[in-house]
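Colleague:
There are 2 protein chains.
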Amino acid sequence: MGAILLEEHQEYLVKLRQTGLKNTRHRIKMLEILDNSPQPISADDIFVRLKEQDDRISLSTVYRSLEALVRNELVNKVSFDNDNRTTFELNRLQHHHFLVCIGCNKIITVEDCPIHEYEEEVSRTRGFEVIGHKLELYGYCSDCAPKHHFTHEH
Amino acid sequence: MGAILLEEHQEYLVKLRQTGLKNTRHRIKMLEILDNSPQPISADDIFVRLKEQDDRISLSTVYRSLEALVRNELVNKVSFDNDNRTTFELNRLQHHHFLVCIGCNKIITVEDCPIHEYEEEVSRTRGFEVIGHKLELYGYCSDCAPKHHFTHEH
DNA sequence: ATTCATGCAAACCGTTTGCACCCGA
DNA sequence: TCGGGTGCAAACGGTTTGCATGAAT
């Protein structure tokens, strides 16, 4: 809900300037929306929230702006097996992974990473030079696990 | 190329029967194509190869058959960040991961898995009940790594 | 003034669906 | 025979693009 702090607004502005991207009607708001979202969201989600504030907005602009923000590494593109839509998150420069709840589709971000040694091992033993990786765990969150067990009890 | 061994053909037949799926014009061929493919392939790839042998085939049949084969766990659905198309592989009942080459798009299957303990840890510390996971490493294969280094040398 | 961004509508492309016909069990 | 499978064409849904206009630097 609440208004965005001035400092945060400034921070987004600075980031935009650094990339050379223009500070247009919607971009700061897009960054705010992404920053406030507890989990990755789709282009259409962003579009809907922008439209609440200003009717003069088109979905293609959202896609084009997201593309620019991704290209400049202010935003990450994320896709899940669960969902045909691509989703986006603010790039917080913190390596992380996701727990994807197959009960309620909630996405939980986790910041520990168990596979750095594995990357080195693969590089060493297979001659495959690892640049990055993608790890997601699928299962039931603490809300859904009990329900799931209950409905499968007998 | 080469003809499929009779035993393999039989094996596919048995698997189909077990599921209750009918042995139709294309299904055995689909399983053969998937079995012979060194990496996951798209519905359209399968469609093209089927069409080489028999013109009376439609893409929607390929999608519908794949859906049935996936539902009956003879085939796995796999998607990569690289590619908007969904791909499919024969289900060999062997847990594995992929190395995805961002140079030539080659997909390499690897059968060791570094994160079983991590799954337990997540279950224990976060109350998230892990059912499965998805891990892919992105980078350069042994063919592409040298080229990549060469073109970025100075 | 110049370059980049935008709105709108139309195109795109992978995938799904409705329907009449076909065919394997 | 009967229920699932198929071909074809049309629909779908997320995403991209062409083009003329508008706005940021």
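Top line first, the protein sequences correspond to chains A and B.
Just so you know, we're using the numbering used here here: the first sequence kicks off at -13 and counts up by one.
Just so you know, we're using the numbering used here here: the second sequence kicks off at -13 and counts up by one.
Where a beta carbon is used, it is the ideal one built from N, C-alpha and C, also for glycine.
Just so we're clear, the structure is a prediction, and the values are computed from it rather than from any experiment.
(1) Any C-beta of chain A within less than 7 Å: which residues of the segment 120 to 136 of chain B qualify?
(2) State the DSSP-derived secondary structure class of residue 87(B), mapped to helix, strand or coil.
(3) Would you mind reading off the limits of the beta strand (DSSP E) that contains residue 120(A)?
(4) Please classify residue 62(B): does DSSP put it in a helix, a strand, or coil?
(5) Output the distance between the C-alpha atoms of residue 12(B) and residue 22(B), rounded to the nearest integer angstrom.
(6) Against residue 85(A), what residues of chain B qualify as contacts under a CB-to-CB distance less than 9 Å, listed in chain order?
(7) Count the CB pairs spanning the segment 76 to 96 of chain A and the segment 80 to 90 of chain B that are closer than 8 Å, and state whether there are at least three.
(8) Candidates 35(B), 135(B), 92(B): which alpha carbon is nearest residue 123(B)'s?
(9) Could you work out which residues of chain A lie near residue 67(B), taking near to mean beta carbons separated by less than 9 Å?
(10) Report the residue ranges of all alpha helix (DSSP H) runs contained in full by the segment -2 to 77 of chain B; include only those spanning at least 4 residues, in chain order.
(11) With 8 Å set as the bound, which would you pick, yes or no: does the beta-carbon of residue 26(A) sit closer than that to a beta-carbon of chain B?
(12) Below 7 Å on C-beta distance, what does residue 104(B) contact in chain A?
(13) From residue -13(A) to residue 121(B), what does the alpha carbon distance come to, in whole angstroms?
(14) Need the endpoints of the alpha helix (DSSP H) that residue 133(B) sits in, please.
(15) Residue 136(B): buried (16+ other C-beta within 10 angstroms of its C-beta) or exposed?
(16) What are the boundary residues of the alpha helix (DSSP H) that residue 149(A) is part of?
(17) In chain A, which residues lie less than 8 Å from residue 88(B) when you measure between Cβ atoms?
(18) Candidates 4(A), 46(A), 98(A): which alpha carbon is nearest residue 111(B)'s?
Modeller: This is what the structure gives:
(1) Listed by position, the residues of the segment 120 to 136 of chain B near chain A (Cβ gap below 7 Å) are 120, 121, 122, 123, 124, 125, 126, 127, 128, 131.
(2) Strand at residue 87(B).
(3) In the DSSP annotation of this structure, the continuous segment of the beta strand (DSSP E) that includes residue 120(A) starts and ends at 115 to 126.
(4) DSSP, reduced to helix, strand and coil, places residue 62(B) within a strand of the structure shown.
(5) Computed Cα separation, rounded: 15 Å.
(6) What residue 85(A) touches in chain B, judged by beta-carbon distance under 9 Å, is 108, 112, 114, 116, going in chain order.
(7) The answer is no - the segment 80 to 90 of chain B does not touch the segment 76 to 96 of chain A, with fewer than three Cβ pairs under 8 Å.
(8) When the alpha-carbon of residue 123(B) is set against those of 35(B), 135(B), 92(B), the nearest one is in 92(B).
(9) Neighbours of residue 67(B) on chain A, chain order: 63, 64, 65, 120.
(10) Whole alpha helix (DSSP H) segments, 4+ residues: 13 to 22, 29 to 39, 45 to 57.
(11) Nearest CB-CB separation between residue 26(A) and chain B: not below the 8 Å threshold.
(12) Per Cβ cutoff of 7 Å: 100.
(13) Note on residue -13(A): pLDDT 46, under 50, position unreliable in the model; the coordinate value appears next. Taken atom to atom, the span from the alpha-carbon of residue -13(A) to that of residue 121(B) is near 36 Å.
(14) Run containing residue 133(B): 130 to 137, per the alpha helix (DSSP H) assignment.
(15) Counting the other Cβ atoms within 10 Å of the Cβ of residue 136(B) gives fewer than 16, which makes it exposed.
(16) This structure cannot settle anything about residue 149(A), because the visible part of chain A is limited to -13 through 140.
(17) For residue 88(B), the neighbours in chain A by C-beta distance under 8 Å run, in chain order, 117.
(18) The shortest Cα separation from residue 111(B) among 4(A), 46(A), 98(A) belongs to 98(A).
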